[in-house]
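Student: Numbering (the UniProt record's numbering), first residue to last: 1 to 114. Where a beta carbon is used, it is the ideal one built from N, C-alpha and C, also for glycine. Submitted below is the structure of interest, expressed as structure tokens.
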Amino acid sequence: VIIENKDALEVMRAHDAETTLHYIDPPYVPETRVQGNRYYNHEMTAEGHEQLLAVAETLQGMVMISGYDTELYNDMLASWSKVTKPSRISAGRGTKVRTECLWLNPAAQKKQER
Numbered sequence: 001v002i003i004e005n006k007d008a009l010e011v012m013r014a015h016d017a018e019t020t021l022h023y024i025d026p027p028y029v030p031e032t033r034v035q036g037n038r039y040y041n042h043e044m045t046a047e048g049h050e051q052l053l054a055v056a057e058t059l060q061g062m063v064m065i066s067g068y069d070t071e072l073y074n075d076m077l078a079s080w081s082k083v084t085k086p087s088r089i090s091a092g093r094g095t096k097v098r099t100e101c102l103w104l105n106p107a108a109q110k111k112q113e114r
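Quick look at the structure:
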């Protein structure tokens, strides 16, 4: 395990290898959040998500990205496999059920099938 206080994209590129597992848990895409909730000290724009996904697609290692179901991720990661799971969230008033997703690149999918 390596922990570095650097730009995430820089770290992923620097430590990428076929044996690397990149687990990426970015801030949720703003459109997928319960309205009015802002839980992050450092927000990530739609352009930031696009840049993250573009870099993730170039990595040689196994990549897993978690988040809520979103058109942006589904479109950009169309060649990846996606696992979904309903999850109960409590935000604001009441409780909702949301769909949590885990996108796996082909290298991660291949490793999972072993």
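#1: Helix, strand or coil for G67? Go by DSSP, reduced to three states.
#2: Does DSSP put T95 in a helix, a strand or coil?
#3: Between V1, L21, E4 and M12, which lies nearest to E55 when the distance is taken from Cα to Cα?
#4: Could you tell me the distance, in whole angstroms, from the CA atom of T84 to the CA atom of Q51?
#5: Along the chain, where does the beta strand (DSSP E) containing L21 start, and where does it finish?
#6: With DSSP collapsed to three states, give me the class of E50.
#7: Determine the burial state of H22: buried for a count of at least 16 other Cβ atoms within 10 Å of its Cβ, exposed for fewer.
#8: In this structure, how does DSSP classify T84 when only helix, strand and coil are distinguished?
#9: Are L72 and A108 closer than 8 angstroms when you measure CB to CB?
Tutor: The relevant details are as follows:
#1: strand
#2: strand
#3: Glu is not the amino acid found at residue 55; the sequence shown has Val there. For V55, the nearest C-alpha among the options comes from M12.
#4: 23 angstroms
#5: L21 to I24
#6: helix
#7: buried
#8: strand
#9: no
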